[in-house]
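Under our numbering, think of the first position of the sequence shown as 2, with each following residue one higher.
Cβ coordinates follow ideal geometry from the N, Cα and C atoms, glycine included.
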Amino acid sequence: MKKQITKGGGKGEKVVGNQSKVFYRLPAIVEVLYFSPTVASIDSLKGLDLISLTPTTRVLHCVLIWANIMSHSRSTTGSGSRTARSTFEFGRTHVVRPKGKHQATIVWLHGLGDKGSSWSQLLETLPLSNIKWICPTAPTRPVALFGGFPCTAWFDVGEISEDAPDDMEVLDATAAHVANLLSTEPADIKLGVGGFSMGAATALYSATCRVLGKYGNGNLYPVNLSAIVGLSGWLPCSRTLRTRMEGSYEAARRAASLPILVCHGLADDVIAYKHGQKSAEALTSAGFRNLTFRTYNGLGHYTVPEEMDEVCNWLTAWLGLEGSRSR
């Protein structure tokens, strides 16, 4: 059975191609690159539009990029270590203005190695005329998962696992950057955070900061969030969330009232489905009662119109947008 595949970084619902459910079996990083719209980190390949290439040619380019990454990692010692801290600047922020009455503002966070403009192009096509979208670009930093190779990333990650250490310092800095982007919005505007892959992880972490009223470092969290969306991601700090929530009536009250949408493809080979499922379970057990978990058969590490329709319907209903769709 054939299905059309779209990537969140494409313009609108840009078709990558008619492909079967059997995808190229590549290392995870190559699969990430395969579904990334452009290459921004390798000098010899900057600006390469992977989406415009045929699937076979894209695989060859991705293998070439993989070779560059492995070559770089062999010549770099300790660049992916979390012990060596540097200050990284956030990239360009892209804003999609509402076409109708402004009722909500959502910061949308891209995945690892991507950029804000990729998602702003897609979000602009959605039938959500009352939402202002803010799409920042993550700093370019060494990533341990890639052997220290630098790419855009909201935080450092060595492996996707509930047992892996969390990059708390940078998670807090990123969540603070997101909150700052929302802090100047008018008081009557509802605020939200959403994202894909690593961006989803950051959005879910922001949700925990909101209900706890503080970042992991203890500083106060300043923004009142009304909606959280996480696509193909995971929950950082899931191991300690329930413990941190215990004994706080205010945190429990906020968690019970904060709507969260978590979506994951059952065929995701980059961020395995089990991570999305465990994240949803951890949030629910911690008291997030308004959590909706959606799964999609045959969906890998990308998005499809069916999933984006779910996002539109869910946001319209929970944010009470004018001209709303029924949930």
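{"Query": "Note down the Cα distance separating Val230 from Gly266, rounded to an integer number of angstroms.", "Result": "15 Å"}
{"Query": "Would you report the Cα separation of Glu247 and Ala202, rounded to the nearest angstrom?", "Result": "22 Å"}
{"Query": "Pairs of beta-carbons, one from the segment 256-265 and one from the segment 308-318, closer than 8 Å: are there three or more?", "Result": "yes"}
{"Query": "One question on the structure: do Gly195 and Trp109 come within less than 8 Å of each other, judged by their Cβ atoms?", "Result": "yes"}
{"Query": "Let me make sure I understand the geometry here. Which of Glu125, Leu226, Pro187 has the alpha-carbon closest to that of His103?", "Result": "Pro187"}
{"Query": "From the DSSP output, in three-state form, read off Gly101 for me.", "Result": "coil"}
{"Query": "Between the segment 150-157 and the segment 113-133, do three or more beta carbon pairs fall short of 8 Å?", "Result": "yes"}
{"Query": "Check each candidate in Leu124, Pro223, Glu160 and name the one with the smallest Cα separation from Ser184.", "Result": "Pro223"}
{"Query": "In three-state terms, what does DSSP make of Gly195?", "Result": "strand"}
{"Query": "Is Tyr250 buried or exposed, if buried means 16 or more other CB atoms sit within 10 Å of its CB?", "Result": "exposed"}
{"Query": "Among Ala253, Glu323, Tyr297, Ser239, whose alpha-carbon lies nearest the alpha-carbon of Arg290?", "Result": "Ala253"}
{"Query": "Is it buried or exposed for Arg240, if we count other Cβ within 10 angstroms and need 16 for buried?", "Result": "exposed"}
{"Query": "According to the neighbour-count rule (16 or more other Cβ atoms, all chains shown, within 10 Å of its Cβ), is Arg98 buried or exposed?", "Result": "exposed"}
{"Query": "Is Phe91 near Thr138, with beta carbons less than 8 Å apart?", "Result": "yes"}
{"Query": "Roughly how far, in whole angstroms, is the beta-carbon of Trp134 from the beta-carbon of Ser118, given that I think they are within contact range, below 8 Å?", "Result": "With a Cβ gap of about 12 Å, Trp134 and Ser118 do not count as contacting."}
{"Query": "Near Leu1, what residues of its chain come up, given a Cβ to Cβ distance below 6 Å and the 5 sequence neighbours on each side ignored?", "Result": "In the structure as shown, the chain starts at 2 and stops at 328, and residue 1 therefore has no counterpart that could be examined."}
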